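Here the structure is laid out as structure tokens; the discussion comes afterwards.
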Amino acid sequence: MRGIVFVVRSNTNGLHKIGVTKDWLRSSKQLQVGQQTTQIHTVWVNNALQIERYLQRRFRAKRMPQSDWFALDAGNLDFLRAVLLKARSDHQPPPLALPPQRSRPAPPPPPSAPQPAWSSRPAPPPPPAARRIKAPTPAAEPRRPKRPGYSVGVAPLVMLIWVMAGLLIGWLGMLGASQALVMAGIVMLSPFGLAAALLIGALLRQQRKQRLG
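Going by our numbering, the sequence shown opens with residue 12, and the numbers climb by one from there.
Below you can see the structure in the form of structure tokens.
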């Protein structure tokens with residue numbers, strides 16, 4: 012008989028009931044599931060009566076006298092669950108077998124068109140591909156080696172030397188009490204003397220450019 016094998020547990024004493032039904036909604040109301048009892052398993056199987064009898068015989072030592080309630084422990088519940096899962100897998104309908112498809116014969120190849128007489132001649136070889144002539148690249152001009160230059164400009168250097176020389180001459184004149192040297196140092200440090208130093212520096216810079224050019 013196809014039906015549902017169910018297992019419920021009593022909320023008062025912890026006993027389990029194993030039964031069979033075709034209308035679980037009606038049976039759950041009779042057993043007061045959710046109030047007096049708790050649903051443990053409900054499995055739809057093909058041979059519901061055989062599975063119920065097998066489980067009741069299996070746990071007959073745990074059955075309460077003159078009732079369908081059993082005092083099952085955790086190991087008994089694991090075994091019961093395995094049996095119901097196996098029965099449910101057996102209940103799954105086999106996959107639908109598709110009808111064999113008839114293979115259509117392949118259409119015959121179209122008849123080949125008659126070839127003209129000249130088609131038997133071998134085709135002339137293709138002309139060789141024209142090679143691209145690369146234009147010669149102009150040779151790069153050799154770079155002129157840079158001549159070593161001065162890290163400091165000529166005019167500032169001449170100005171520095173001129174000022175230091177003026178200070179030195181004035182200092183020597185003061186040490187030797189030479190009024191001529193003192194006057195020479197003052198003249199060198201005057202605006203006219205500094206302008207002369209700038210002029211000398213410009214001339215030296217122009218000569219250096221001519222040599223390097």
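Think of the CB as a built atom: it goes at the ideal place given N, C-alpha and C, for glycine as much as any other residue. Predicted model, so just to flag it, every value in this text is computed and none were measured.
{"Item": "Excluding sequence positions up to five away, which residues of its chain have a Cβ less than 8 Å from the Cβ of Y65?", "Value": "V94"}
{"Item": "Contact check, G14 vs K33 under 8 Å by CB: the rounded distance?", "Value": "5 Å"}
{"Item": "Kindly identify the DSSP beta-bridge partner or partners of T53.", "Value": "F17"}
{"Item": "Of the residues A191, L214, R68 and P136, which one's Cα is nearest the Cα of P167?", "Value": "L214"}
{"Item": "Cutting at 8 Å between CB atoms, please list the residues of its own chain near F90, excluding the five before and the five after it.", "Value": "R69"}
{"Item": "Do you know whose CA, among N87, K220, Q217 and V31, lies nearest N58's CA?", "Value": "V31"}
{"Item": "Do D84 and K28 come within 8 Å of each other at the CB atom, strictly closer than that value?", "Value": "no"}
{"Item": "Closer than 6 Å by C-beta to S162: which residues in its own chain qualify, once you throw out the five before and the five after it? Chain order, please.", "Value": "At S162 the pLDDT is 45, less than 50, meaning the model places this residue with poor confidence; the figure from the coordinates comes in the next sentence. Answer for S162: no residue qualifies."}
{"Item": "Taking the alpha carbon of N87 as the point to measure from, which residue in Q221, R74 and P118 has its own alpha carbon closest?", "Value": "R74"}
{"Item": "Roughly how many angstroms separate the alpha carbons of L42 and I62, rounded to a whole number?", "Value": "20 Å"}
{"Item": "Under 8 Å by Cβ, that's how I've got T48 and R20 pegged, so tell me the actual separation to the nearest angstrom.", "Value": "6 Å"}
{"Item": "Which of the three DSSP states, helix, strand or coil, is assigned to G25?", "Value": "coil"}
{"Item": "If you count every other CB in all the chains shown that lies within 10 Å of the CB of A229, and 16 or more means buried, which is it?", "Value": "This structure does not reach residue 229, given that the chain is present from 12 up to 224, and the question cannot be answered."}
{"Item": "On the three-state DSSP scale, how would you describe G86?", "Value": "helix"}
{"Item": "Can you tell me where the alpha helix (DSSP H) with R37 in it begins and where it stops?", "Value": "W35 to Q41"}
{"Item": "Would you kindly work out how many angstroms separate the C-alpha atoms of P118 and V16, rounded to a whole number?", "Value": "58 Å"}
{"Item": "When the distance is taken between beta carbons, is L36 closer than 8 Å to F81?", "Value": "no"}
{"Item": "What are the boundary residues of the alpha helix (DSSP H) that A59 is part of?", "Value": "A59 to R69"}
{"Item": "Quick one, which of T23, V174, L60 and N22 has its alpha-carbon nearest M12's?", "Value": "L60"}
{"Item": "Can you tell me the Cα-Cα spacing of P104 and P120, whole angstroms?", "Value": "Annotation note: pLDDT 49 at P104 (below 50); position unreliable, coordinate value reported separately. Spanning the two alpha carbons is a distance of roughly 46 Å."}
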